[in-house]
Amino acid sequence: MLNFTLRKLIGMIPMLIIITFLIYWGIELMPGDVIDFLIPMDQLAEMSAEEIAAFKAAKGLDGPMIVRYLSWLKDVCTGNLGFSLQNNMPVSELMMQKLPATIELSLAALVISTVLGILLGVVSALKKGKIADNVLTVAGMIGVAIPQFLFGIFCIILFCLTLNWFPVGQRGDGGLLSELHHLFLPAFVLGISQTAGVMRYSRSSMLDSMNRDYVKTARAKGLPEWKVNMYHGFRVACTPVMVLIGFRLPTLISGAIVIENIFQWPGVGRWFTDAIKTQNTPIIMSVGLFMVLMVLLSSLLVDILTAVLDPRVKLS
Amino acid sequence: MKRIASLLLALCMVLALCACGGTPSGNNPSNPPANNSQSGGQPSGNEGVGGTAYPNPLQDVRVRQALWYAIDMDAIVDGLWSNTVIAAHKSLVPEGAWQADGLTEYKYDPEKAKELLAEAGWDGSYTLKAVYYTGNLLDTITAIKGYWEAVGVKMEFDLLTDNLTVLLWTPSPDGVKSGVDWDLCFAGTNALTLGELYNRHHSTANNNSTVLWDKDLDALIDKAKVAVTTEDQKAAYDAIQKYENENVETIPLFYIPSWIITSKHLDMKGNAPGNDQFCYQKNILDWTIDRADKTMYTNTGAVNALEHTATNPGLFWHQEIVFDRLLNADTSLTASDGMLAESYDVSDDGKVITFKLREGVKWHDGEPFTAEDVKWTFEYYCTVPGANTVLTDVINDASSIEVDGNTVTFTFNNPQPNALTVFSQWSVLPKHCLENVTPENFAADTFWQNPIGTGPFKVESVKLGEYTTLVRNNDYFKPGTGNIEKIYMYPSSDAGDENLITNAMADKIDYAFCKDSSQVQQVQDMAGFNVDTVNVTFPRYIFLNMFERS
Amino acid sequence: MNMKTKKTALDRKLDKIRVAEESGKLGTKLTNRTLRKLTSNKLAVFGAILFVVICVLCFGAPLFTRYSPTEFSLTEIQAKPSLAHIFGTDQMGRDIWSRMLYGGRISIIVGLGSALGAALLGVTLGMYVGYLGGWVDKILMKLADIFMSIPQMVMIIIIVALVGQSLQNLIIIFILTGWPSMYRMARSKVLSLREEEFVQSLRAFGISRTKIAFKHMLPNALGPIVVNITLSTAMFILQEASLSVLNYGVPMELATWGNIISVITNSGTIRFDWLDKWWMWLPCSIMLILFVLSINFIGDGMRDASDPTQIG
């Protein structure tokens, strides 16, 4: 296991370098010049070519792209994520301001969608063909068909404007209660909109495991029905669901862009889209790096988890 | 069966590819119907385009006038803007002291537009290419497109998002060929002085991408540049307005004001809301707030950083009240009395301005404020890339800035009509904090995470993108009578405050700057808020590119 | 007991079938089993009817509305539903019903076109490369992994920033982000089909690999491909709407479902004063939801129908 993990980790390094290079190249190819976003238009029109060149040189925005990429890479290896072009703030510090908001939101949503999804999925599998199953299936499909932002708006109309239960958007200011009060609705909306997928997945894997021979054997042995379902059916059905959750982990950082907008949540998603709009290379690169790292690490985690949960799988 | 199905699938895929490849023009409802009067290929005889006698139809003044007459601006302002903006029918300058008398009014008159187009020989074969760069003009442009179609003028439009300076304002290289690739640009200017509106129409202006080089217009603009007294300036700008009004160098659409929203909690003690783009005397230390925490909630907090003061002098709260300027301005932005300067004196020829500075003023970090700070600040501003040209035009003309004890003397080569405006708008910065910062890094320096000024409020804490708080400066040289101890600022950029409405709904806004007409319409429906339309207005207008596009 | 005289009900039934078969009445049915299973699924039938109705409404738009989607009237802005405008008018006085229908055309074309394009790319690659294997397959598999693991919205936003906003670009972007799932599915199908006897024997006959892959293996993989296309169509239509809200979608001047609905948002956040002017956004939202739902019903029904382990 350790050997496998180490080998995978080392294999990630070339992958990371290639992907970050591609992102850097992509930013270079974006239409427009980063200077447009650093100097107001009317003032920029008044500047001469020499002044603009001097400005770029001072900001380290000149020179061939490959050189700049390598120096970025070197900085990252020494733990320096660079400085935001707009305000010279260390990106790592900015990241520490934005990350908690997003992770708190996505994690809450992940918990909601996982618990609810598995619960409903298992119920629906155990009641296969009955009314409960049909209702849940149709409800899940409707859930998938409603765009996230519309669901958010419906919830705001109902819970904030009509019932006055929750504040409309933004993060709470200080105090656990205020934080939770603000967090609940966006997390609920994000969580519910992800539930349908988990539910469908856990239903089918539960059904799958219930048809296996060892479950039938357990039942034949005369074990109580709930014990059969939980110990033998559910435990094996968990593996694919865990895999699904593992693949969801990368979205912790950036899976909530729409919800962050609708609920005015000061998270990474909005920050990142703003950075793309203004071609703020150090921020795009850092968030991109984090995202890719999350992706690679979670796929590794999934591999390990599968091996731990499912005794038939051997890591190679 | 399976074979048929796979054939069908393949067919679908081919169809899909066709659909991606070309514009599905048959299904594109916004394509205007083809105009019937095609001029049969090449116009015979002359090199005119679209039936006119000119290589660029917009060079014909009758076409330009017709375009203006064809727009029902009153209906647009009423229908699309709920009358939150003011229609323009005459000039880039709004009605008031500075608008010239006797200008032709271009009221909606489609028949006249058709006549003028017919006179010009317009045959409808030319499609105007328009660009715009602010999203909130989309409905207006769509409406204008409709009005023009009704008189037989076709237009296509595109949103530009990048590289605006190059794509919009690259000047003509030779006075004949165009430096840009469009006929019309829907744009706007937030000008501090009328010069900012008209200087760009000069043949030597390096952002004139639209107005043909014209000696008569150049002469008028030059005259306005050197006018010193208010009367001379007024006369010069009247002449420019008349000339542009007859020749339709641009089509003014409407003046977009900005708004200040105040809550029932705030009492401004009779101070006018004034102008939200620039600095003026607000006497904020006299204001009272009816909240237990003695906090005033507002916007313009830091998103990425608190904005520096070299470009926009007073767009954000901190620029106005964390810093002081040498002079106070009244709500019409005319210098009124001294602020950091106890007194000031302008020589008779207007070339020498002397400031006697207040004694005992301290920066928020305790360092004393000195005349050296003043000299250094204005010299430094001129080296900052992107510094406002109103500021740099004045200061770059100074032959010397001399410090003597607590007096500072600016000596200029030429009379500077804008000098007092500059000293009432651009704040003085602490030399001891910034002298080691290169001008290129000025805007992004960490000083702007926690700026130090001399103003009535000082920065307490900044959490980027979440809040910025200011606290009362109890050592301020002019203590006030109000009770506001703290100012809590929600983040917003110069593009607007997207959280304004939710904050207002939560009763967490006492004084807010607002530039979005749709937000104003929303706040007007809420109880407990007062909306003031800021009396200084900025034009939105159409640039008409009269150079020849290749 | 006399076996000849005592026939069970089942025996009688089987006898009947035998008689019918022998007299040639049974023959092969015109519809295949999959289709029969599909038509017996009520939800799928309901979805199909809904789908056809909405498509007919949108593509036959001139038959159902006398207004043009771009014709505006500044004197009738934000008008409530009435006989003249059954869903009222929008902020420019344009007829909303007409915009919904014409906008549906573009939304459906975006959704369906992108899904078909992604299928064409992904399936072609998956069928051929998956069958051949080798380093091209390894690279494509890795690429598909990367594409699938980056949140789609983020990737779309990055590519939109790169290539700019337009209808064609959006379709191309959707194809670029949609092909990996098709690729993986086609590839796994090919890998299992490769070991089937009929493929082995075709190879033994020396038939070209291209021909085997597309002529003999593709029809066998068709079921899941069609299911995937329907479900991706729904997903792309939803994404188009979300992108409109973030101002990254089809240019606002084109009517699409997403662009119509996004009037209630103002650069991402909600426009509260228009929430109670429900006709400006709610009917169109419902139409979008119904359309996506109908596709999901069809796709789900097809999945069940094409699954041989479920006997319907």
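Residue numbers (numbering that gives the first Met the number 0), protein chains in the order written: chain A, 0 to 315; chain B, 0 to 549; chain C, 0 to 311. Glycine included, C-beta positions come from ideal geometry on N, C-alpha and C.
Sequence-distant residues of the same chain with beta carbon closer than 8 Å to Ala78/C, five excluded per side: For this step, residue 78/C is matched to residue 79 along the third sequence. Cβ neighbours of Ala78/C within its own chain (closer than 8 Å, five residues either side excluded): His84, Gly87, Thr88 and Gly92.
Distance between Phe20/A and Pro13/A (C-alpha atoms, nearest Å): Taking the first residue of the first sequence as 1, we reach residue 13/A at position 14. Taking the first residue of the first sequence as 1, we reach residue 20/A at position 21. C-alpha separation (whole angstroms): 11 Å.
Give me, in chain order, the residues of the same chain whose beta-carbon lies closer than 7 Å to that of Glu358/B; leave out the 5 immediate sequence neighbours on both sides. The sequence position of residue 358/B within the second sequence is 359, counting from 1. Answer for Glu358/B: Asn405, listed in chain order.
Residues that Asn2/A contacts on chain B, provided the C-beta gap is smaller than 8 Å: If you number the first sequence from 1, residue 2/A lands on position 3. What Asn2/A touches in chain B: nothing, since even the nearest Cβ is about 44 Å away.
Going along chain C in order, which residues have a C-beta closer than 9 Å to the C-beta of Glu497/B? As a working note, residue 497/B is residue 498 in the second sequence. For the C-beta of Glu497/B, the chain C residues within less than 9 Å are, from N- to C-terminus, Asn265, Ser266, Gly267 and Thr268.
What does Asp444/B touch in chain A if you count any residue whose Cβ is under 7 Å from its own? The count along the second sequence starts at 1 and reaches residue 444/B at position 445. In chain order, Asn87 make up the part of chain A whose C-beta sits under 7 Å from the C-beta of Asp444/B.
Quick check: is the beta carbon of Ala144/A nearer than 8 Å to any beta carbon in chain C? Counting from 1 along the first sequence, the entry for residue 144/A is found at position 145. For Ala144/A, the nearest CB of chain C lies under 8 Å from its own CB, placing it at the interface with that chain.
DSSP state of Gly87/C mapped onto helix, strand, coil: As a working mapping, residue 87/C is identified with position 88 in the third sequence. Coil.
As assigned by DSSP and simplified to three states, the class of Tyr254/B: Within the second sequence, the letter at position 255 stands for residue 254/B. In the structure shown, Tyr254/B sits in a strand (DSSP, three-state: E or B).
With distances taken Cα to Cα, identify the nearest neighbour of Ser203/A among Ile65/A, Cys237/A and Leu251/A. One-based indexing of the first sequence puts residue 203/A at position 204. For the residues Ile65/A, Cys237/A and Leu251/A, the minimum Cα distance to Ser203/A belongs to Cys237/A.
Starting from the beta carbon of Gln263/A, find every residue of chain C whose beta carbon is closer than 8 Å, and list them in chain order. Your numbering for residue 263/A matches position 264 in the first sequence. Ordered by position in chain C, the residues that pass the 8 Å Cβ test against Gln263/A are Thr268.
Beta strand (DSSP E) containing Gly187/B: first to last residue? By one-based count along the second sequence, residue 187/B stands at place 188. Run containing Gly187/B: Leu183 to Gly187, per the beta strand (DSSP E) assignment.
Cβ closer than 7 Å: which chain B residues qualify as neighbours of Gly31/A? The count along the first sequence starts at 1 and reaches residue 31/A at position 32. Chain B residues near Gly31/A: Asp161 and Asn162.
Apply the 10 Å Cβ neighbour rule to Leu191/C and answer buried if 16 or more other Cβ atoms are within range, or exposed otherwise. In the third sequence, counting from the first residue as 1, residue 191/C sits at position 192. The sequence given here has Ser at residue 191/C, not Leu. Around the beta carbon of Ser191/C, a 10 Å sphere encloses fewer than 16 other beta carbons of the protein chains shown; the residue is thus reported as exposed.
With 8 Å as the threshold, decide whether the Cβ of Gly168/A is near any Cβ in chain E. Annotation note: the requested chain E is absent from the structure, which comprises protein chains A, B and C.
Between Pro109/B and Val227/B, which are expected to be in contact by the criterion C-beta below 8 Å, what is the C-beta distance as a whole number of angstroms? By 1-based counting over the second sequence, the position of residue 109/B is 110. By 1-based counting over the second sequence, the position of residue 227/B is 228. Contact doesn't hold; Cβ gap of about 45 Å is too wide.
Can you pull the chain C residues whose beta carbon is under 8 Å from the beta carbon of Ile18/A, in chain order? As a position in the first sequence, residue 18/A is number 19, starting the count at 1. Within chain C, the residues Ile145 have their CB atoms less than 8 Å from the CB of Ile18/A, given in chain order.
For the pair the region 500–511 of chain B and the region 162–174 of chain B, tell me if three or more CB-CB distances fall below 8 Å. The region 500–511 of chain B is not in contact with the region 162–174 of chain B.
CA-to-CA distance, Val214/A to Val257/A, given in whole angstroms: Translated into the one-based positions of the first sequence, residue 257/A becomes position 258. Translated into the one-based positions of the first sequence, residue 214/A becomes position 215. Their Cα atoms are separated by approximately 43 Å.
Please give the ranges of any beta strand (DSSP E) in the region 316–368 of chain B, keeping only runs that are unbroken, at least 3 residues long and fully inside the region. Every beta strand (DSSP E) of 3 residues or more that sits fully in the region 316–368 of chain B is shown, in chain order, as 326–328, 334–337, 340–345 and 351–356.
Give me the Cα-Cα distance between Gly298/C and Thr160/B, rounded to the nearest whole angstrom. The residue you call residue 298/C lines up with position 299 of the third sequence. The residue you call residue 160/B lines up with position 161 of the second sequence. The straight-line gap from Cα to Cα measures roughly 39 Å.
Please classify Gly145/B as buried or exposed, where buried requires at least 16 other C-beta atoms within 10 Å of its C-beta. Counted from its first residue, the second sequence places residue 145/B at position 146. Residue environment: Gly145/B is assigned as buried (16 or more neighbouring CB atoms within 10 Å of its CB, all protein chains considered).
Classification of Glu49/A by the beta-carbon crowding that lies within 10 angstroms, buried from 16 upward: Residue numbering aside, residue 49/A sits at position 50 when the first sequence is read from its first letter. By the beta-carbon neighbour count (other beta carbons within 10 angstroms, threshold 16), Glu49/A is exposed.
Whole angstroms are fine: how far does the CA of Glu248/B sit from the CA of Asp213/B? Residue numbering aside, residue 213/B sits at position 214 when the second sequence is read from its first letter. Residue numbering aside, residue 248/B sits at position 249 when the second sequence is read from its first letter. Roughly 11 Å separates the two Cα atoms.
Helix, strand or coil, according to DSSP, for Leu69/A in the structure here? Numbered from 1 along the first sequence, position 70 holds the residue referred to as residue 69/A. If DSSP states are grouped into helix, strand and coil, Leu69/A belongs with the helices.
From this set, Glu434/B, Thr308/B and Ser90/B, which residue's C-alpha is nearest Trp425/B's C-alpha? As a first step, residue 425/B is located in the second sequence; it is residue number 426 there, counting from the start. Taking each of Glu434/B, Thr308/B and Ser90/B in turn and checking the Cα distance to Trp425/B, the smallest one comes out for Thr308/B.
Counting C-beta neighbours from all protein chains within 10 Å, is the total for Val307/A 16 or more, i.e. buried, or is it exposed? Indexing the first sequence from 1 puts residue 307/A at position 308. Classification of Val307/A: exposed, given that the 10 Å Cβ count is below 16.
Reference Tyr66/C; option with closest CA among Trp96/C, Gly59/C and Gly46/C: As a first step, residue 66/C is located in the third sequence; it is residue number 67 there, counting from the start. Cα-wise, what sits closest to Tyr66/C is Trp96/C.
Nearest CA to the CA of Ser491/B: which residue from Gly452/B, Leu102/B, Phe368/B and Thr467/B? Counting from one through the second sequence, the residue named residue 491/B turns up at place 492. For the options Gly452/B, Leu102/B, Phe368/B and Thr467/B, the alpha carbon positioned closest to that of Ser491/B is the one of Thr467/B.
Sub-8 Å separation of Leu463/B and Val302/B beta-carbons: In the second sequence, counting from the first residue as 1, residue 463/B sits at position 464. In the second sequence, counting from the first residue as 1, residue 302/B sits at position 303. For Leu463/B and Val302/B, yes; Cβs fall inside 8 Å.
Just reading off the alpha helix (DSSP H) that Leu149/A is part of, what are its end residues? Sequence index remark: in the first sequence, residue 149/A carries index 150 (1-based). From DSSP, the alpha helix (DSSP H) with Leu149/A extends over Gln147 to Cys154.
In chain order, what residues of the same chain lie with their CB nearer than 8 Å to the CB of Ile76/C, ignoring the 5 residues before and after it? In the third sequence, counting from the first residue as 1, residue 76/C sits at position 77. Sequence-distant partners of Ile76/C (beyond 5 residues in either direction) whose C-beta falls short of 8 Å from its own C-beta, in its chain, are Thr88, Asp89, Gln90, Met91 and Gly92.
Leu10/B to Ile174/C span [Cα, whole Å]: Your numbering for residue 10/B matches position 11 in the second sequence. Your numbering for residue 174/C matches position 175 in the third sequence. Residue placement at Leu10/B cannot be trusted, given a pLDDT of 46 that sits under 50; what the coordinates show is reported in the next sentence. Leu10/B and Ile174/C: Cα-Cα distance of roughly 17 Å.
For Pro538/B: DSSP bridge partner residues: Here residue 538/B is taken as the residue at index 539 of the second sequence, counted from 1. Answer by DSSP bridge pairing, in chain order: Tyr254/B.
On the three-state DSSP scale, how would you describe Cys54/C? Taking the first residue of the third sequence as 1, we reach residue 54/C at position 55. Shown here, Cys54/C sits in a helix according to DSSP, grouped into three states.
Check this for me: beta carbons of Gln523/B and Val533/B, under 8 Å apart or not? Translated into the one-based positions of the second sequence, residue 523/B becomes position 524. Translated into the one-based positions of the second sequence, residue 533/B becomes position 534. With respect to Val533/B, Gln523/B sits apart: the two C-beta atoms are not nearer than 8 Å.
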